[in-house]
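With UniProt numbering, letter number 128 in the sequence shown gets 128, and the count goes up by one each step, no holes.
Using N, Cα and C, we set each Cβ at its ideal position, and we do this for glycine too.
Quick caveat, the model's predicted, so the values are computed rather than measured.
This report concerns only the one structure given below.
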Amino acid sequence: MTFYVIAEAVISFLLLAGGIFAFTGSLGMLQFKDFFMRLHGPTKGTTLGIGCVLIASMLYFTLTQRELHVQELLITLFLFITAPVTGHMLAKTGLHMHLRFTTGTRGSVPEFRDEDVGQSRVARPARAKHPWKYRKQKRSRMFR
1 MTFYVIAEAV
11 ISFLLLAGGI
21 FAFTGSLGML
31 QFKDFFMRLH
41 GPTKGTTLGI
51 GCVLIASMLY
61 FTLTQRELHV
71 QELLITLFLF
81 ITAPVTGHML
91 AKTGLHMHLR
101 FTTGTRGSVP
111 EFRDEDVGQS
121 RVARPARAKH
131 PWKYRKQKRS
141 RMFR
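Encoded structure:
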């Protein structure tokens with residue numbers, strides 16, 4: 001009896017902590033001013049929040065069904081590995097595209113190397129043509 005009360009308290013704590021972390025990560029994404037600041041909310045707070053919720057889910061289903069559930073643990077590990085890598089890749093892309101940033105997020109000039117920032121602005125990909133506009137032009141040419 002005491003074991004289940006302690007387990008429920010741990011699960012409840014993990015769910016509450018996960019909800020708080022996910023909320024603050026999402027709120028940080030809304031409140032921060034530029035692209036580089038907005039990366040911190042999803043990559044850190046939300047990742048930790050979803051990880052807590054998944055571990056709580058793993059504990060709950062392991063205790064109620066009396067068999068080990070490892071799927072949530074694997075999802076958590078995959079999330080903890082991929083989210084920081086994705087955040088790093090987005091930050092590098094932002095540096096290469098010379099996105100605007102507030103002066104509070106800029107590091108000292110020697111901190112950036114030429115290969116990190118890039119020598120020139122990276123060209124943005126061309127906009128895709130809208131299929132419905134293309135179809136109308138093609139049809140009008142066919143009936144001429």
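M1 counts as exposed, since fewer than 16 other C-beta atoms from the protein chains shown sit within 10 angstroms of its C-beta.
By the criterion of at least three beta-carbon pairs nearer than 8 Å, the stretch 36–47 is not in contact with the stretch 60–70. Contact annotation: the stretch 29–38 does not touch the stretch 51–61, with fewer than three C-beta pairs closer than 8 Å. For F80, the number of other beta carbons within 10 angstroms of its own is below 16, and it is reported as exposed. In the three-state DSSP reduction, R66 falls in the coil class, being neither helix nor strand.
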